[in-house]
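Structure record follows, encoded as structure tokens.
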Amino acid sequence: METGFSVSDAAATRIGELIATEPGATLFRVAVNGGGCSGFQYEFGFAQAAEEDDIIIQKGPAKVAVDQVSLPFLAGAEIDWVEDLIGSSFKIRNPNAKSSCGCGISFSV
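By the numbering used here, the letter at position 10 of the sequence shown is numbered 11, and the numbering carries on one by one without gaps.
In structure tokens, the structure reads:
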């Protein structure tokens, strides 16, 4: 099934590394929730199993779960692992975001 949400090679590698060190985890979960300084915020976490309404995106060692409520907010987006001078983190490049806060976790549509 085409989800429109993708995982970069760098993110897939990092997610695989993290899952391997997280006891019981088999999935990396990406969700969009209300809140944050811009209206919506991304949430990342681990899961032991998929929920009934999850879509699973697999790339290399990474299995990423996205619930069907969050998926429309992530259409055309990509999760990436970015390393720069100020640190390293997951970043979501989201064409649906009209604006975002400085931290990159909160956005509006």
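Every residue, glycine too, gets a C-beta built ideally from N, C-alpha and C. These numbers come from a predicted model, not from an experiment.
Integer Cβ distance of residue i from residue j, believed to fall under 8 Å
i: residue 5; j: residue 61; result: Going by Cβ atoms, the distance from residue 5 to residue 61 rounds to 19 Å, so no, they are not a contact pair.
i: residue 26; j: residue 48; result: 7 Å
i: residue 79; j: residue 94; result: 5 Å
Residue i beta carbon near the ligand MN (any heavy atom closer than 8 Å)
i: residue 31; result: Because no ligand of any kind appears in the structure shown, any question about the ligand MN cannot be addressed here.
Classification of residue i by the beta-carbon crowding that lies within 10 angstroms, buried from 16 upward
i: residue 89; result: exposed
i: residue 34; result: exposed
i: residue 86; result: exposed
i: residue 63; result: buried
i: residue 55; result: buried
According to DSSP, residues forming a beta bridge with residue i
i: residue 93; result: 80
- Go through the segment 24-67 residue by residue and report every complete run of the beta strand (DSSP E) that reaches 3 residues or more, in order. Fully enclosed beta strand (DSSP E) runs of 3 or longer: 28-36, 40-48, 55-60.
- Message: Using a Cβ distance threshold of 8 Å, determine whether the segment 17-33 contacts the segment 43-53, with at least three qualifying pairs required.
- Response: Touching, yes.
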